[in-house]
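FYI, the numbering for the sequence shown is -17 to 242, going by the working numbering. Where a beta carbon is used, it is the ideal one built from N, C-alpha and C, also for glycine.
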Amino acid sequence: MSAGLLLGLAGCGGGDASSDDTLTVGATSVPHAEILKFVKDNLADKNGLRLEIREFSNYEQLNPALNDGQLDANYFQHKPYLDESNQKTGQKLTFVAGVHLEPLGVYSKKVTKLADLKQGATVAVPSDPSNEARALKLLADNGVITLKPGAGQNATEKDITGNPKNIKFKPTDAAALPRQLPDVDASVINGNYALEAKLTPAKDALVSEKAEGNPYVNGLVTRPEDADDPQIKKLVDLLRGPEVKKFIEDTYKGSVLPAA
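(1) What span of residues does the beta strand (DSSP E) with residue 194 cover, start to end?
(2) Buried or exposed: where does residue 110 fall if 16 or more other Cβ atoms within 10 Å of its Cβ makes it buried?
(3) If you pair each beta-carbon of the segment 114 to 129 with each one of the segment 179 to 187, do three or more pairs fall below 8 Å?
(4) Cβ atoms of residue 79 and residue 202: under 8 Å apart, would you say?
(5) State the start and end residues of the unbroken alpha helix (DSSP H) segment that holds residue 173.
(6) Thinking C-beta only, is residue 3 closer than 8 Å to residue 36?
(7) What are the start and end residues of the alpha helix (DSSP H) that includes residue 218?
(8) Would you mind giving the Cβ-Cβ distance between residue 102 and residue 150, rounded to the nearest angstrom? I have them listed as a contact below 8 Å.
(9) Using 10 angstroms around the beta-carbon of residue 0, count the other beta-carbons present and answer buried if the total reaches 16, otherwise exposed.
(10) Using 8 Å as the threshold, is the C-beta distance between residue 99 and residue 9 below it?
(11) Tell whether a beta-carbon distance below 8 Å holds between residue 90 and residue 177.
(12) When the Cα of residue 194 is compared with those of 163, 242, 227, 7, which residue comes out closest?
(13) With H, G and I counted as helix, E and B as strand and the rest as coil, what does DSSP make of residue 24?
(14) For residue 6 and residue 97, I'd like the C-alpha separation in whole angstroms.
(15) Give the secondary structure of residue 103 by DSSP, where H, G and I count as helix, E and B as strand, and everything else as coil.
Quick look at the structure:
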């Protein structure tokens, strides 16, 4: 999940977008804006799609902006985050299609492997509930902690049943995690923020998520009345097409993975 960017889709009010409409979409900057810019510069015109791209630093603004009609779609989040957001706000935004995975990784300036974390070490994790649960699961999958069976996508610190090193967790705004890295023993950082901080997840992460069966694929989201809009569908086809897949593979070299 990511730092905000908006792609503007002006005039897509309820599913009757014409070929002359500009699609307004919100997204975070890396990699979402970069992927959208590739589509805009290389694929949109010849496929009859007009895109406007706007960037925002706070991803928490994107769902409200979409719900209020300032955007026609956004591209920054995975479905667990959207589900949590809809439940919290009463919004009914719709996840249209997955595009890519940014593997969550554990980074450290103080140790080179998780086994070297000291007793009482401080580990920073994203503070939003869906990504905090994701971070705890990554740590559990790598033997740092044990979680209560079934905690899954809703895990919190209360679900930790084993913590042999007495790790102290520091929930932190996701965008601030890279800046805090020197001040903690380790940090679980979203892939987009790692890239923005010039970290290379495929090389710098001590451990990272696996792609297979991962529910945290980032994708395109819109209002329910626009889910079947031809322009939205056209953008989905391009985002999930072979040209974008190759762009992701060539540009991010394993730090961002195309959705299956």
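Once the coordinates are examined:
(1) Residue 194 -> no beta strand (DSSP E), and no H or E assigned at all.
(2) buried
(3) no
(4) yes
(5) Start and end: 173 to 178.
(6) no
(7) 212 to 221
(8) 6 Å
(9) Low per-residue confidence applies at residue 0: pLDDT is 34, beneath 50, and the placement is therefore not dependable, though the value from the model is reported in the following sentence. Answer is exposed; the Cβ neighbour count stays below 16.
(10) no
(11) no
(12) 242
(13) helix
(14) When rounded, the distance between both Cα atoms is 46 Å.
(15) coil
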